[in-house]
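There are 4 protein chains.
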Amino acid sequence: MIGGGMDAFIGAVHRLALNMDGQVELVAGALSVNPEMALASGRQLFLEEDRIYTDYKTMLEKEAAMPADKRIDFVTIVTPNFVHFDPAMMALDKGFNVVIEKPITFSLEEAKRLKAKLEETGLSLLLCHTYNGYPMVKQARRMLQQGVLGKIRKVYVEYPQGWLSTFLEKTGQTQAAWRTDPKKSGKAGSMGDIGTHAFNLAEYVTGLKVTSLCSNVNIVVEGRMLDDDGAAFLKFDNGATGVLMATQIAAGEENNVKIRVYGEKGGLEWKHEDTNTLLVKWLDKPTEIYRAGTGYLDSFASHNCRTPAGHPEGFLEAFANLYRNFVLTVRAKINGETPKPEWLDFPGVEEGIRGMAFIENIIESGQSDTKWTPFTV
Amino acid sequence: MIGGGMDAFIGAVHRLALNMDGQVELVAGALSVNPEMALASGRQLFLEEDRIYTDYKTMLEKEAAMPADKRIDFVTIVTPNFVHFDPAMMALDKGFNVVIEKPITFSLEEAKRLKAKLEETGLSLLLCHTYNGYPMVKQARRMLQQGVLGKIRKVYVEYPQGWLSTFLEKTGQTQAAWRTDPKKSGKAGSMGDIGTHAFNLAEYVTGLKVTSLCSNVNIVVEGRMLDDDGAAFLKFDNGATGVLMATQIAAGEENNVKIRVYGEKGGLEWKHEDTNTLLVKWLDKPTEIYRAGTGYLDSFASHNCRTPAGHPEGFLEAFANLYRNFVLTVRAKINGETPKPEWLDFPGVEEGIRGMAFIENIIESGQSDTKWTPFTV
Amino acid sequence: MIGGGMDAFIGAVHRLALNMDGQVELVAGALSVNPEMALASGRQLFLEEDRIYTDYKTMLEKEAAMPADKRIDFVTIVTPNFVHFDPAMMALDKGFNVVIEKPITFSLEEAKRLKAKLEETGLSLLLCHTYNGYPMVKQARRMLQQGVLGKIRKVYVEYPQGWLSTFLEKTGQTQAAWRTDPKKSGKAGSMGDIGTHAFNLAEYVTGLKVTSLCSNVNIVVEGRMLDDDGAAFLKFDNGATGVLMATQIAAGEENNVKIRVYGEKGGLEWKHEDTNTLLVKWLDKPTEIYRAGTGYLDSFASHNCRTPAGHPEGFLEAFANLYRNFVLTVRAKINGETPKPEWLDFPGVEEGIRGMAFIENIIESGQSDTKWTPFTV
Amino acid sequence: MIGGGMDAFIGAVHRLALNMDGQVELVAGALSVNPEMALASGRQLFLEEDRIYTDYKTMLEKEAAMPADKRIDFVTIVTPNFVHFDPAMMALDKGFNVVIEKPITFSLEEAKRLKAKLEETGLSLLLCHTYNGYPMVKQARRMLQQGVLGKIRKVYVEYPQGWLSTFLEKTGQTQAAWRTDPKKSGKAGSMGDIGTHAFNLAEYVTGLKVTSLCSNVNIVVEGRMLDDDGAAFLKFDNGATGVLMATQIAAGEENNVKIRVYGEKGGLEWKHEDTNTLLVKWLDKPTEIYRAGTGYLDSFASHNCRTPAGHPEGFLEAFANLYRNFVLTVRAKINGETPKPEWLDFPGVEEGIRGMAFIENIIESGQSDTKWTPFTV
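Residue numbers (numbering that gives the first Met the number 0), protein chains in the order written: chain A, 0 to 376; chain B, 0 to 376; chain C, 0 to 376; chain D, 0 to 376.
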């Protein structure tokens, strides 16, 4: 693991997720740019002393030099956005598969180079769009793929948060500080942090691609350097339209991502607050409540449930699903086996490139007086 | 009552609403342009034979000629949009107060002339924006007026319906037929029918005025002549922004109008599906569930509740609230008394003009390549 | 109307309900035992002076002496429990149909005598078990009648209120005062006031009859004279069992009556808080959300909806449904027509007798050391 | 781990839970009474060959003989009820702490002997009442301890499941087979399987003890040997009363444990379906929605959250909370440190004894004609 020391947030989440299924063991880490923090964090995680590194380059070199049955199988990169690309490239060069927090890189350009490297090496990359990991999101995707609702016409996706309602970065809060700093976060603030999740969810669930957009991107809290609020109209490649809303100044909101998709025959609704439920609505019959863990789900959904219906699974399980599918795929490839379609269903570099393009395009549109901006990659 | 025969929808709703509180008696009607329908409808409603009219002009003339204690006090106009203006003008000229379905007229120009006539006559007009009549909507408005959430920053308002998901007007369904016909409905379809409700709700609850907008307005169902789907970014006069979504092709949706408003300190959420509840969200303490009929409500909310908490009131009660406040105001004016502020809280010609301007502006923006269209009245 | 003056609660509710459909006009009243209150209340309701009475006996006599086309068609009795029987008997003797608040009488014995009188006169009686009037309750009943869920096995019915959590009757609050006074309310407090509603709902929805029960009835608030809390195990005539819970000391609860019924193949759930929804649960497929106002409902449910899906109807509409069905039936009988089955679906004297028996039996069981008490009528 | 092979349910859940926090590693197992299954299961879990055992006695002996830094620290027993006591006693004798599925033993007598053994050895025991592990359950408990709602008056606890609605044990389904077999499950079926959870939750949340009960226990599905449905009235040691409902024949229900507690000033409501929410209701102000992961929670609740508000945690996290607190306590004791109060907050042998007594008492009451049965331990 690169990054994710004791003072970080998402690193701990990754560890909870990768531990869960007992398929992965964390054995090495360059957990902080601060050597003392790196050391203390490594010890707290029971790493062996000689595998606690203070910089990722040393780690990747030393691990690559170890025998195959001892060295790491993949590396997880949970640093701020501006330190994604270099360690990822180096890891791939050294032969390690890669798990990376989103957004995949600092710029679209970097994302494309990462793609080229992956094609060159044949290795795998997992991009942690957690919301893709929920069984009921997969159920939604599958039902739409199978045409259950007819042609898709309308998509509403929203991601309201409230935690940046105040000038939090001024207080020195670590998370707020780097996420609102253009040097560390990139061109976008909220659009990169959560807008990409909403965008990814829309494309993942519908199986459609955005072809143009029209955005309104705002800095609401005085003094902030990056956007903390925005919305976009979307046009999709099948002619459908959509509305995307993402904000971090919706005071009082937690983290309730929600998507609604309407086709000719009915609609689907999923929201993070009630992760184990998918509402399926019909023109002329009662709405159905599909539930995680039941017997009637699609195999892509069932494969990502661990417990029977009525035993709520949440964010960590969704996260663990990404890891599990990635690990099943990597292991199959190592063993020369063909991964099952259900295992291959995790977000990777393509989703990363789309996400970086989303950031570029939504910011460009936000600054434009012309209504529609073509979605260029 | 003008319009609202046995074959109409909204006329019956008006009657349910005006009957409820026992303050109003329907005594005369020109209920249909079809004389037989007019007669049959009048009889079914127990009108006296000589007050069942077959055209509104005759009705207004004959009623105006009756003694003051016998003639009608106000007239309700529930005809399609293109037959709003003429009877309203004539009624005012004859000295009758007016209740009118929304949108107020066929064009913005007509709405302005109606306003002038109202100022000239000193009479009252009720415009039936039903959602204004809900006690918890009034509670929301009052809390924002009182600054409980600090400065307003973001508004989300949505109105998803699914009933026009198919080419229903082709089947001869009466409601669908006139609402999708530009000759009867005006420039807009869904934006006039439900977009105006969403717009009105946003302005009513926040007390803000929209100053510019950027819209995406669509005809989704092939063959349809007017828009059946749309969305708009909004800018408000205090610098807040908003997103408005209204659609009639969200297959499987009923009529779940919803508004969320976020200020510096927290947010409010109200949805039609759960009309008796207002969620009040806070940055740093638990969300509160405000409920209709309780003892802690603002007087503007309490005044519009008929039963104690836990006795759900709905659409008809909200509608009846409009009528009750209108009637209390009209009666006070007749009696030379000063209406209470709570009574005066019903939508009128100003809201009608704003609504007509919304239709003009959103359609104009929808056809424009420029992002923002100033909101002109 | 007998009782229901300006200082009462339920009388106003009755008026809202009977006004709503424009089928009934309140023309006479003995609205209070206090003559001044009776007079003032009558005037407020626009009654003609000579039909404002100060006692019910005079009213019934004078009205009976009027010509058939002028006199009242039925009388509504909304006095405290101990003044139900006498006016009801006299009204029937005078040839008037009767509407009566529940519980029907002060004792089971009186209820039986009322039944005999109804049989003798051939007149109709409506007992206001409002929860029977909800369309989705009727939908539930019909689905169970049709055997959709197989044999019924388990019934949970609950009625939690919180308004008697304090010693409210001590403060002089009118409602609390008579409802907790054995001389005015009868043998039971909460079991009569709301327990009977829960019991009635269980029998109405399932179509089953309780054959024995085991209760725990409590006085929780110190100083109170009648029960304010209770629960009962139920045995039904088909072998099913149930649990009934009714309390008025559930601090913080409003009025959320709820029933769940389970058969061999699935279950039904309806709660007052979400009156327009019926959940239908299945062993092996998604739960379905049945909604009021939709096209797929049973005719007994549809007949009791006034507006399309998505326009919430509530307590007053349910109440008005009782009145409407009663009036449709009475009018049909007057006109020598056969009432439709949907019209006849309102609670009457049989339900009244069952309710009085419930009070007697649950109180007896509450005082018994033996577990089961046969349900005797 | 004893039991929990590839063909079992709860063993896998234990492993997910103990893995999660990276504090525990599964190193040895006697995973099945079937040697082949034991072996295959151990290999699948990456156990070293020499620590895959085919019977628990061998395991406990061999592990006890290992050096302290290598041998297991505690043993998890996830066998059917009738194989809890012997391995637990032996483990304690060998110096191992014990984790045990509920119900703790086959009989109350065994539970008492286990308690004596724990006192003798000074070791720790975790009993897996998972619902205790939820942060919002702990929040509820703490608020009641602190008297926020005043004296507790009423408790409703329910546990409806539907999975035994058919004669499932006849089909050979493993779970159903042993849970409905008196030889493996004990005196009770559903009352032991889920009734104990409901009972435990009631005592845990309120901090009260049941002193007598009156039950109705049923076998609903024909041919079944143990109860599959039941309910009980409860009396608590402070004078409060309660109703407990637990059933496995509520067709269409999943696993929605729910508890409501009412005090003099308000009420609390928690349900498993919405695990991250606690409703706090008040007599005279809006209901509050307390949420997991927020900043305003009690330390006993916060300590059991892993992610910020809006990141749903579920059943596995609650289970992992039990393990984490147990492990923190065991490690502190090993290190000679004083465990924090928050760590000690996990269910143990006392809860096990209460649970076994519940089974004995509810079954006895179910068979009795007398209403109340004193709760004897």
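Even glycine gets a Cβ: it sits at the ideal position worked out from N, Cα and C.
Taking the Cα positions, G28 (chain B) is about 30 Å away from S40 (chain C). Contact note: I288 (chain B) reaches chain D through P285, T286, I288, using a C-beta cutoff of 7 Å and chain order. Contacts with chain A at 8 Å (Cβ-Cβ) do not include A249 (chain D). For P86 (chain B), the enclosing alpha helix (DSSP H) begins and ends at 84-92.
In summary, M224 (chain B) is exposed, with fewer than 16 beta-carbon neighbours lying within 10 Å of its beta-carbon over all protein chains present. Residue environment for S298 (chain B): exposed (fewer than 16 other C-beta atoms within 10 angstroms of its C-beta).
Under the 8 Å criterion on CB atoms, G206 (chain A) is classed as non-interfacial with respect to chain C.
A check of alpha carbon separations from S164 (chain B) across B:N217, B:R141, B:S123 identifies B:N217 as the nearest.
Close to Y133 (chain B), with beta-carbon spacing below 8 Å, lies no residue of chain D; the smallest spacing is near 17 Å.
Beta bridge pairing from DSSP links V204 (chain A) with no other residue. Sorting D:C127, D:M190, D:Y130 by C-alpha distance to the C-alpha of E363 (chain D) places D:M190 at the top. For F318 (chain D), the enclosing alpha helix (DSSP H) stretches over residues 314-333.
Among the residues of the segment 179-213 of chain C, those with a Cβ less than 9 Å away from any Cβ of chain D are C213, in the order of the chain. The Cβ atoms of A201 (chain B) and V256 (chain B) do not sit closer than 8 Å to each other. Chain C has a Cβ within less than 8 Å of the Cβ of G294 (chain A). Comparing C-alpha distances from N303 (chain C) to each of C:L282, C:L113, C:W342 shows the shortest one belongs to C:W342.
Between G354 (chain D) and T195 (chain D), the CB-CB gap stays under 8 Å. Collapsing the DSSP output to three states places R50 (chain D) in a helix.
Nearest CB-CB separation between F232 (chain D) and chain C: below the 8 Å threshold. For the segment 305-323 of chain B, the residues whose beta carbon sits under 7 Å from a beta carbon of chain C are, in order, R305, T306, A308, G309, H310, P311, E312, G313, F314, L315, E316. With 16 or more neighbouring CB atoms inside 10 Å of its own CB, E359 (chain D) falls in the buried class. A Cβ of chain D is located within less than 8 Å of the beta carbon of R14 (chain A). Straight across, the Cα-Cα distance linking T75 (chain A) with N96 (chain D) is about 35 Å. Looking only at B:V209, B:T306, B:L315, the smallest Cα-Cα distance to T372 (chain B) is reached by B:V209.
In this structure, DSSP gives F95 (chain B) a state outside helix and strand, which the three-state scheme calls coil. For S211 (chain A), the enclosing beta strand (DSSP E) stretches over residues 209-217.
About 50 Å separates the Cβ atoms of A250 (chain D) and Y55 (chain C), ruling out a contact at the 8 Å cut-off.
In the structure shown, the three-state DSSP call for K111 (chain C) is helix. Interface flag for V242 (chain C) against chain D is set, since a Cβ pair is found closer than 8 Å.
A distance below 6 Å between beta-carbons, with the five flanking residues on each side excluded, links G222 (chain A) to the following residues of its chain, in chain order: F166.
Contact between the segment 139-147 of chain D and the segment 230-247 of chain D is not established, with fewer than three Cβ pairs separated by less than 8 Å. Taking C-beta atoms as the reference points, A197 (chain C) and L243 (chain C) count as a pair closer than 8 Å.
For the beta strand (DSSP E) assignment, the uninterrupted runs of no fewer than 3 residues enclosed by the segment 122-189 of chain D are, from N- to C-terminal side, 124-126, 151-159. At a cut-off of 8 Å between C-beta atoms, T274 (chain D) counts as an interface residue with respect to chain A.
Ranked by Cα distance from G185 (chain A), the first of A:F357, A:F8, A:T375 is A:F357.
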